[in-house]
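First up is the structure itself, then whatever we jot down about it.
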Amino acid sequence: MVMKTKKSVLASEKQLKGLKKKKDWINILSLISNWSQILIIMTIFTIFPSPITFILGLIVIGSRQFALAVLMHEGAHKLLFSNQTINDWVSQWCCAYPIFQDTKPYRSYHLKHHKFTETEKDPDLVLSAPFPITKISFFRKVTRDLSGLTGLRRYSASLRSIFSSKGKNSKQRTL
């Protein structure tokens, strides 16, 4: 449902302050953990190549890519590290680029989403507007996601956008 009036308050100022507190060491450990898991599963597959280690690698690396996207999201909110220069660098180079994203345009887009959540100005409204959906539609969505078709479509669209705008002064699109 699209709201035409001011957003309702979902959290108190005290709760928001706690959520916005930067936890540098936790984020450092999270980065080390995610990248360690990626490197370990790549090493395991290199030493023991098989369909099982390949599937295990897809699962582990895919889940860690999602974790990097979550950390990039924190970086976009300027919550990854206390030092803003470090926050932006780590968000971009250690989280965004490895998953073919760019923190700066994501930040601009995403903060508009937060400012206008579920209102007519919400840029993410196209994602939530179709809901609720039928059971058969839900099944199709889950099947596309689990088969990788959704990701393939998004990455191919992103690559087309990158190559079609090469040499032009257009803004880079992100997923």
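If you read the sequence shown in the UniProt record's numbering, its first letter stands for residue 1, the second for the next number, and so on. All residues carry an ideal CB built from backbone N, CA and C; glycine is no exception. These figures come from a predicted structure and were not determined experimentally.
| message | Tell me the rounded alpha-carbon separation between Leu149 and Ile41. | response | When rounded, the distance between both Cα atoms is 23 Å.
| Chain-order list of residues whose beta-carbon lies under 6 Å from that of Asp124 (same chain, five-residue window excluded) | His113, listed in sequence order.
| Between the CA atoms of Cys94 and Leu80 - distance to the nearest angstrom | Just so you know, the alpha carbons of Leu80 and Cys94 end up roughly 12 Å apart.
| query | By Cβ distance, which residues of its chain are closer than 7 Å to Lys78, with the 5 residues on each side in sequence left out? | reply | Gln84 and Asn87.
| Is the distance from the Cβ of Ser91 to the Cβ of Asp24 below 8 Å? | 8 Å or more divides the Cβ of Ser91 from the Cβ of Asp24.
| request: Can you grab the Cα-Cα spacing for the pair Asp145 / Gly151, in whole Å? | output: Roughly 7 Å between the two C-alpha positions.
| task | Tell me whether Arg140 is buried or exposed, calling it buried when 16 or more other Cβ atoms sit within 10 Å of its Cβ. | result | The residue in question, Arg140, is exposed, as its Cβ has fewer than 16 Cβ neighbours within 10 Å.
| request: At 4 residues or longer, and completely inside the segment 78-165: list those alpha helix (DSSP H) runs for me, N to C. | output: If we require 4 residues or more, the alpha helix (DSSP H) runs fully inside the segment 78-165 come out as 84-90, 103-115, 125-128, 135-147 and 149-164.
| query | On the premise that Gln37 lies in contact with Arg64, defined as a C-beta separation below 8 Å, what is that separation, rounded to the nearest angstrom? | reply | Contact holds; Cβ gap of about 5 Å.
| task | Whole angstroms is fine: what's the gap from Tyr97's alpha carbon to Pro105's? | result | Looking at the two C-alpha atoms, the distance is approximately 12 Å.
| said: Going by DSSP, what residue range makes up the alpha helix (DSSP H) through Leu58? | reply: Following the DSSP letters along the chain, one finds Leu58 inside the alpha helix (DSSP H) bounded by residues Pro51 to Ala76.
| If you run the structure through DSSP and keep just helix, strand and coil, what is Ser33? | Three-state DSSP puts Ser33 in a helix.
| query | What distance in whole Å lies between the Cβ atoms of Met72 and Thr103, which are believed to be in contact at a cut-off of 8 Å? | reply | Yes, Thr103 and Met72 are in contact; Cβ-Cβ is about 6 Å, under 8 Å.
| Beta carbon of Gly57, beta carbon of Phe45: below 8 Å? | Yes, the pair counts as a contact, with Cβ atoms nearer than the cut-off.
| query | When you compare each of Trp89, Leu39, Leu16 and Ile99 to Lys159 by their alpha carbons, which one comes out closest? | reply | A quick correction: the sequence has Leu, not Lys, at residue 159. Looking only at Trp89, Leu39, Leu16 and Ile99, the smallest Cα-Cα distance to Leu159 is reached by Ile99.
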